[in-house]
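Worksheet for the structure shown next.
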Amino acid sequence: MEPNYYANIPANVRYDKQLPPNAKLLYGELTALSNREGFCWAGNDYFSELYDVSTETISRWISALKKGGYIEVELFKKEGNKRKISIDKKVKTYCEKSQDLLTKTSRPIDENVKSNKENITINNTSNRKALEFLKENSFSLYENFEMRFKKQISDFTKFCELFDLKFDEEGLEYTVRKINNRLTRFAINYCENEKKRYVGNQQQVTQPVVQQYQKIRF
Numbered sequence: 001m002e003p004n005y006y007a008n009i010p011a012n013v014r015y016d017k018q019l020p021p022n023a024k025l026l027y028g029e030l031t032a033l034s035n036r037e038g039f040c041w042a043g044n045d046y047f048s049e050l051y052d053v054s055t056e057t058i059s060r061w062i063s064a065l066k067k068g069g070y071i072e073v074e075l076f077k078k079e080g081n082k083r084k085i086s087i088d089k090k091v092k093t094y095c096e097k098s099q100d101l102l103t104k105t106s107r108p109i110d111e112n113v114k115s116n117k118e119n120i121t122i123n124n125t126s127n128r129k130a131l132e133f134l135k136e137n138s139f140s141l142y143e144n145f146e147m148r149f150k151k152q153i154s155d156f157t158k159f160c161e162l163f164d165l166k167f168d169e170e171g172l173e174y175t176v177r178k179i180n181n182r183l184t185r186f187a188i189n190y191c192e193n194e195k196k197r198y199v200g201n202q203q204q205v206t207q208p209v210v211q212q213y214q215k216i217r218f
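Following this note's numbering, the numbering of the sequence shown begins with 1 at its first residue and continues without gaps.
Here you go:
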């Protein structure tokens, strides 16, 4: 399933205080998937893998968007409960007008300028680190990562340096999705290893005390 490159998150969605922050991000993904036909068939499993959250969490985000009147959801029981998600017509019209205005006001780029711009983009990407790229291109995902893992990591600066080195070492492509997915797996493993080291250190500290107590007892 290949989404359109552009996602639209209008102001009424962005500033709706009733919506969870990541539900707004999900809305943008839905607009990208729905740009061609006005709807999409993506299931909770697809979004769960994309955002690295449970399907129950995705279901809550979908329900919040539906309750806010931003999307319409149809279930087709005869087709195995296949789900069709459509952007609400009023919101869709607003997005289409905004996109049309952007297209009409954009000037054609001279081929030489375009070529230079592409070279600059490549150079900038090669000079930037993976976490910096994620933060600049999808701050919501970066913020979600920090809220989930930062308190569990004793030396966050060291963690960031290690992840950037690991990502570059693996030669992965600089895309938001790949960085976010690799970052999540790296953070989970890192936190588990820190817990194991902590437990190991605690056992080393308590073991001599237990042995001493046993000697006194006998």
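Built from N, CA and C at the ideal position, the CB exists for glycine as well.
Status (buried if at least 16 other CB within 10 Å, exposed otherwise) for residue i
i	result
S34	buried
V199	exposed
F159	buried
G28	buried
L183	buried
N81	exposed
N123	Low local confidence applies: a pLDDT of 41 at N123 is under 50, so the model's placement there is unreliable, with the coordinate-based value given in what follows. Result: exposed.
F145	buried
F167	buried
N180	buried
I9	buried
Cβ-Cβ separation, residue j to residue i (assumed contact under 8 Å), whole Å
i	j	result
I85	F39	6 Å
R83	V73	6 Å
A64	L19	5 Å
G69	D52	Not quite, the Cβ-Cβ distance comes to about 28 Å (not below 8 Å), so this is no contact.
D45	T55	6 Å
First through last residue of the beta strand (DSSP E) which encompasses residue i
i	result
L75	71-76
Residue i to residue j span [Cα, whole Å]
i	j	result
L141	K78	36 Å
A7	L26	10 Å
F133	K195	29 Å
D155	Y190	11 Å
T103	F163	Note on T103: pLDDT 47, under 50, position unreliable in the model; the coordinate value appears next. Taking the straight line from one Cα to the other gives about 38 Å.
R185	N12	34 Å
A187	F149	7 Å
A23	I62	7 Å
E173	N193	26 Å
G171	E143	24 Å
R36	K129	33 Å
D16	Q202	47 Å
E118	K151	No answer about E118 holds up, because its pLDDT of 44 lies below 50 and its placement is not dependable.
E136	P21	17 Å
R197	T157	19 Å
V176	F76	32 Å
K67	R14	15 Å
A32	M147	26 Å
W41	L50	15 Å
L131	K178	11 Å
I153	G43	33 Å
E161	F139	19 Å
I71	L165	41 Å
Segment limits, alpha helix (DSSP H) that includes residue i
i	result
I85	Premise fails: I85 lies in the beta strand (DSSP E), 82-87, not in any alpha helix (DSSP H).
L25	21-34
E132	130-137
N12	11-14
S54	Looking at the DSSP string, S54 is not in any alpha helix (DSSP H), and its letter there is neither H nor E.
In the stretch 150-199, which residue ranges form an unbroken alpha helix (DSSP H) of at least 4 residues, counting only runs that do not cross its ends?
156-170
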